[in-house]
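S.K.: In the working numbering, the protein residues as written are 4 to 174.
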DNA sequence: TGCATGGCGCCGG
DNA sequence: ACCGGCGCCATGC
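1. For residue 108, does the three-state DSSP call read helix, strand or coil?
2. Check the C-beta distance from residue 108 over to residue 172 and give it rounded, since I have them as a contact under 8 Å.
3. Would you mind sorting residue 102 into buried or exposed? The rule is 16 or more other CB atoms within 10 Å of its CB.
4. In whole angstroms, what is the alpha-carbon distance linking residue 150 and residue 61?
5. Nearest CA to the CA of residue 12: which residue from 72, 42, 54?
6. Confirm, please, whether the CB-CB distance from residue 124 to residue 24 is below 8 Å.
7. Closest by CA to residue 91, which one among 52, 64, 127, 75?
8. From what residue to what residue does the alpha helix (DSSP H) around residue 72 run?
9. Ends of the alpha helix (DSSP H) at residue 131?
10. Residue 39 and residue 104 - do their beta-carbons sit closer together than 8 Å?
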């Protein structure tokens, strides 16, 4: 694994931090981290324990990401069209994240339903914990997962942000 | 290994 | 409608 680079930018839901990684022989560049919490961003980088190349080479790539996210946050685009690269996480967590990506824009499912769809009939509680470890907010749309009783539930990036995103997608 | 900890769910009062 | 209690399951220490 080589070619990590990172950056941040300002949005309507606060400063977003992101991290790219280049994978495999085809040199595919994908998003490893996207989040609004600087602390977890830094912790993530520490855990990866890698060297970073300069962002200049990837400036175009960064601008593309920022444009896609901003278009999504302004309601202009309903799809973000960025591919995540899960470098960390258990198989269970990856399956939950993967399944969450199948939730259509503008709709919601319960934690229970999500766990079931991913093949874990009774692991709804653990599914919530897995979503809390989602490394790429918005790309894995964990804000579309709410409680069975209709309540909003929690959100790593802040419940207000979760509410904002659900409202955004229903306008 | 056991036990506590989580973005939960369901039932009873 | 709201709460407490108990059940549920993957992780981390």
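Heads up, the beta-carbon is just placed ideally off N, CA and C, and yes, glycines get one too.
M.R.: Inspection of the coordinates gives the following:
1. Position 105 of the first chain holds residue 108. Of the three classes helix, strand and coil, the one that applies to residue 108 here is coil, per DSSP.
2. For the purposes of this step, residue 108 is taken as the residue at position 105 of the first chain. For the purposes of this step, residue 172 is taken as the residue at position 169 of the first chain. With a Cβ gap of about 6 Å, residue 108 and residue 172 count as contacting.
3. In the first chain, the residue the question calls residue 102 occupies position 99. Looking at its Cβ environment, which holds 16 or more other Cβ atoms inside 10 Å, residue 102 is buried.
4. Indexing the first chain from 1 puts residue 150 at position 147. Indexing the first chain from 1 puts residue 61 at position 58. Residue 150 and residue 61: Cα-Cα distance of roughly 39 Å.
5. Taking the first residue of the first chain as position 1, residue 12 is located at position 9. The shortest C-alpha separation from residue 12 is found at 72.
6. Locating residue 24 in the first chain gives position 21, counting from the first residue. Locating residue 124 in the first chain gives position 121, counting from the first residue. No. Outside cutoff.
7. Start at 1 with the first residue of the first chain, and residue 91 comes out as number 88. It is 52.
8. For the purposes of this step, residue 72 is taken as residue 69 along the first chain, with counting starting at 1. Unbroken alpha helix (DSSP H) run through residue 72: 62-76.
9. The count along the first chain starts at 1 and reaches residue 131 at position 128. Its alpha helix (DSSP H) spans residues 127-135.
10. If you number the first chain from 1, residue 104 lands on position 101. If you number the first chain from 1, residue 39 lands on position 36. In this structure, residue 39 does not lie closer than 8 Å to residue 104 by Cβ.
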